[in-house]
Amino acid sequence: MKKSILDLTAVELGRKIKEKEITVREAVEASLAQIEKMEASFHCYVTVGKEAALKRADEVQKQIDAGVLTGPLAGVPVAIKDNMCTKNMLTTCSSRILYNFRPTYTAEAVENLERAGAVVLGKTNMDEFAMGSTTETSAFGETKNPWNTEHVPGGSSGGSCAAVAAEECFFALGSDTGGSIRQPSSFCGVTGIKPTYGTVSRYGLIAYGSSLDQIGPVAKDVTDCAAVLETIASYDKKDSTSIERKDTDFTSALTDDVKGMKIGIPKDYFGEGLDLEVKKAVLAAADVLKEKGAVVEEFDLKLVEYAIPAYYVIASAEASSNLSRFDGIKYGYRTKEYDGLHGLYKKSRSEGFGPEVKRRIMLGSFVLSSGYYDAYYLKALRTKALIKQEFDKAFEKYDVILGPAAPTTAPKLGASLSDPLKMYLGDIYTISVNLAGLPGMSVPCGQDSRGLPIGLQLIGDCFQEKKLIRAGFAYEQARGPWKAPAMAGASGCGDSFDSRKEEPASIQTAGEEN
Amino acid sequence: MAKQYETVIGLEVHVELAAKTKIFCSCSTAFGGVPNTHTCPVCTGMPGSLPVLNKQVVEYAMAVGLATNCSIHQYSKFDRKNYFYPDNPQNYQISQLYLPICYEGGVEIETAAGKKTIGIHEIHMEEDAGKLIHDEWEDCTLVDYNRSGVPLIEIVSEPDMRSAEEVIAYLDKLGLIIRYLGASDCKLQEGSMRADVNLSVREAGTEKLGTRTEMKNLNSFKAITHAIEGERIRQIELLEEGKAVIQETRRWDDNKEYSYAMRSKEDAQDYRYFPDPDLVPIIISDEWIQQIRDRQPELRTEKLVRYRKEFDIPEYDAQIITESKKLADLFEEATAICKKPKKVSNWIMGETLRLLKERGMEPEEIKVSAGNLAKLIELTEAGTINGSVAKTVFEIMFQENMDPEQYAEEKGLKTVHDEGALRTTIEAVLAENPQSAADYKGGKEKALGFLVGQTMKAMKGKANPGAVNQMLKELLQ
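Here the protein sequences line up with chains A and B, keeping their order.
Residues 6 to 519 (our numbering) are what the first sequence spells out, left to right.
Residues 531 to 1007 (our numbering) are what the second sequence spells out, left to right.
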């Protein structure tokens, strides 16, 4: 049977476009058709820019034909998480407060993709302002897991990961502040990389926790991820935290060779709270690498239990300040009736933000307030530094740290929101990577008994993405091809999805919190 | 009043830096402009935009710090000051709280009471806010973000001042230093220098500081003087009545000459300061500090000392000339060419200051070059043109800075040294004015002046008055 366009990976598609086997328009149309077919079931997108994508497809085709665009991603359709600015295209952060926001400029990472000829299909759903682990805090409705629509796709980049899994795009960009690429990649059976802090420009990424946020690729396999990361990584003078790197030729690490690679397994990642099926699958993956010549051993990684409180203090503190610009004055949602300036602020923000965002703004404001700053914020910063030291010690011995991306497979819809603390604990394996600024990757390594995907997490020292890619690629080669979900029960839906032109009456608004 | 009170004053001075672009983006800092045209995603706080520090701002801040004897924090950071107000598009101001760039300095001031050092607690960098414009007609408020992100430094003094006179002397000194550095034009009226006055009173002889108030919106030395006097009396009256001074911010109303309470400490906001995660720490190397030090111009105090040694000009002239770097530069450069400090000083103290005053101009606006001024002096000294012609020429040079020699040549203003022509003219003048000639001969010295004037007139001003005088006397003998 001839492979359908949708079954191709991004790099495979790019090659076929280059070889004139497939046109860019065909690829874009295939993606758009899949979106129309699947969106009613999964709701991966907040906005689909159908017309713009088709127009762009033809422009890109011309540039490919003219030999201007020659890269591996030229003509490949991509989905962008809705917290990255796209000029003139709605950028909502899945929040009511930005329901009508059209940026005046495009995020640097997206620009890098566009320069390479990728075609933006639309913007993917996410937890509101990237705050959440299930994509259920979106003001525009939750995204469903393509492997089983009763389950969440994870979050906060749930829309991006589900869109890749559901073949509604060939790859996507996500952002990762505490695991927001790796955890939903794990839940959706796709591959995602959170790069070293500073590798991808944050310019145009609507900030959640500025010192932790990092954009990264979500794709079907390690090869795609390496190619995408190679494209989006750049030193950007517009981002003061951007780092000039000379080693961003990530595809050179796709070598299927892990002989002698030292892999450490933190015992602390395999204790209480870890689902047995997940544990088994991850350890089996470690064995695969061992068989291929890697040296695998267990070690103690200390301070794991402090990562979550430190993270929620730092991220919330930064968020409380980052999100203060959303006030109903300049853009976005403004309440209809109000009394005076402060009334305008209070009502717009009360109505514009959902409960999880409000919770973190309040938490962040509290830990920064005078009298508490030292006890919470400064202490969290010190904890962050200590966690980094622990990793430094580990990386003196190991090339890569291996563990699960999440303690469980995807939970059922609605099971997490009622207990935020429990939801926070789900970030335990991913969060310390952000605190230490390290690169991390999630690669599918099996399914549980219900058929839900399990993700293997690989963590590297700063700037050591290539080691992750090497290990991930080698594992993938041994594992064999990863199939797309069956996607049973998907029903068609033929409407345009640019649904946020006007504030829809059906926006799920959060209840008032007082 | 039986008790004696002492006034204790500290100042927070905001200075707008002369950088061409904003502190965190490359938008222009030019004054005016159609509202919201000097803006970009960064200075309008658009989602996803990020600040990048303007190096020039750091260098100006360091220059001011070094010139005011401050130490430099070689590891400095920016912090966010969080508060909601529409003039601030992010709802936080990027400022420095925990590690300001300069700390622990001071400047010497001189008042009638003598010399005194005013301590500087710190100098920090921050961004200016936008401007709210209330539209009475539409009954709405509009925001102009052209000012948003304009670089400022805030110079925080120690509470070392005791009177309005000291405050004015301190501000004068700061302004002078900063203008010399070219870091700002420091104009109170135009807002490029703004001073908030922290004032408290205490019984003379006591150590403990009283409760202070902070006064804002002081746009002139006069307003500052009046506000200090008014606040001092208000606080003393409260204490005399057995009431307490409330720690609060007061706004000065220049028309009513009265300050009124804006907000008290109780409803003071918690700014929730924390290090801005979008900006990296500012690391300042020894070499960088040395570079700035090497680039520092000679400041006024050192200049005065040198003038006393090098130039034979009156102390008063030296004081006035060094008040402006522009005047001092003009003086030094012109003197270097013509080697006549006294003449140059006379031209600056006389004609230059007169014209500046007459035209309401700042020294920085002077167009005449040192070279042309020196040339004018040389022309006069050589007798090529006479004094009154020189003044006329200077007035035009002041505006247009042309070559005085060429100009005098073109306009035929050069002194006529033709003795024969002069003799003929004088004989004609004497013939026309027999009475004056007779008066002079009869002992009326004054009559000679009239005759000189008539001769100059007849010569169209181009004669050498000395020569005219001499020949008249000769012919009248």
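The C-beta atom is built at its ideal place from N, Cα and C for all residues, glycine as well.
- Residues of chain A whose Cβ lies closer than 9 Å to the Cβ of Q620(B) are, in chain order, S326, N327, S329, R330.
- For the stretch 603-634 of chain B, the set of positions with a beta-carbon nearer than 7 Å to some beta-carbon of chain A reads R610, N612, F614, P616, P619, Q620, N621, Y622 in chain order.
- Runs of the alpha helix (DSSP H) lying entirely within the stretch 430-483 of chain A and spanning at least 4 residues, in chain order: 436-440.
- Secondary structure at Q623(B): strand, using DSSP grouped into helix, strand and coil.
- Secondary structure of A993(B) (DSSP, three-state): coil.
- Sequence-distant partners of A988(B) (beyond 5 residues in either direction) whose C-beta falls short of 8 Å from its own C-beta, in its chain, are T955, A958, V959.
- Between the beta-carbon of I650(B) and that of K703(B) there is about 11 Å, and that puts the pair past the 8 Å contact cut.
- At the C-beta level, M367(A) and S138(A) stay beyond 8 Å of one another.
- Taking each of G122(A), E133(A), E26(A), V223(A) in turn and checking the Cα distance to Y213(A), the smallest one comes out for E133(A).
- DSSP, reduced to helix, strand and coil, places Q219(A) within a strand of the structure shown.
- Put simply, the stretch 305-325 of chain A touches the stretch 253-272 of chain A. At least three CB pairs are less than 8 Å apart.
- Against chain B, a Cβ distance below 7 Å from S216(A) picks out P807.
- N150(A) is bridged by DSSP to N153(A).
- With three or more CB-CB distances shorter than 8 Å, the stretch 168-188 of chain A counts as touching the stretch 477-490 of chain A.
- Within a 10 Å sphere around the beta-carbon of S678(B) sit 16 or more other beta-carbons, which makes this residue buried.
- By the rule that beta-carbons nearer than 8 Å mark a contact, P271(A) does not touch chain B.
- Considering only E141(A), A79(A), S325(A), the residue with the shortest C-alpha distance to S370(A) is S325(A).
- Residues of chain B with a Cβ closer than 8 Å to the Cβ of L443(A) do not exist; the shortest Cβ-Cβ separation is about 17 Å.
- Just so you know, the alpha carbons of I754(B) and T537(B) end up roughly 14 Å apart.
- Here the alpha carbons of Y377(A) and G575(B) stand approximately 28 Å from one another.
- If you check each beta-carbon in the stretch 104-115 of chain A against every beta-carbon of chain B, the ones closer than 9 Å belong to F106, P108, T109, Y110, A112.
- In the DSSP assignment, K611(B) falls outside any alpha helix (DSSP H) and within the unbroken beta strand (DSSP E) covering 609-612.
- From the beta-carbon of D800(B), the residues of chain A found nearer than 7 Å are S374, S375.
- Interface residue (Cβ-Cβ distance to chain A less than 8 Å): V582(B) is classified as such.
- For V33(A), the enclosing alpha helix (DSSP H) covers residues 29-47.
- Considering only beta carbons, no part of the stretch 126-152 of chain A lies closer than 8 Å to chain B.
- Taken through DSSP and simplified to helix, strand or coil, H664(B) comes out as strand.
- Listed by position along chain B, the residues whose Cβ is nearer than 8 Å to that of A168(A) form an empty set, because the closest Cβ is around 21 Å away.
- For C90(A), the chain B residues whose Cβ falls inside 9 Å of its Cβ are P571, M576, P577, G578, S579, in order along the chain.
- Judged by DSSP in its simplified three-state form, G635(B) adopts strand.
- For Q777(B), the closest of A848(B), P577(B), L729(B), E817(B) by C-alpha to C-alpha distance is L729(B).
- Sequence-distant Cβ neighbours of I334(A) in its own chain, meaning closer than 7 Å and more than five residues away, do not exist here.
- Not one beta carbon of chain A lies nearer than 8 Å to the beta carbon of V538(B).
- Chain-order list of chain B residues neighbouring Y382(A): F804, by C-beta distance under 8 Å.
- Contact annotation for L440(A) against chain B: no contact, minimum CB-CB distance about 13 Å [criterion: below 8 Å].
- A contact is defined here as three or more CB-CB pairs under 8 Å, and the stretch 240-252 of chain A meets this definition with respect to the stretch 561-581 of chain B.
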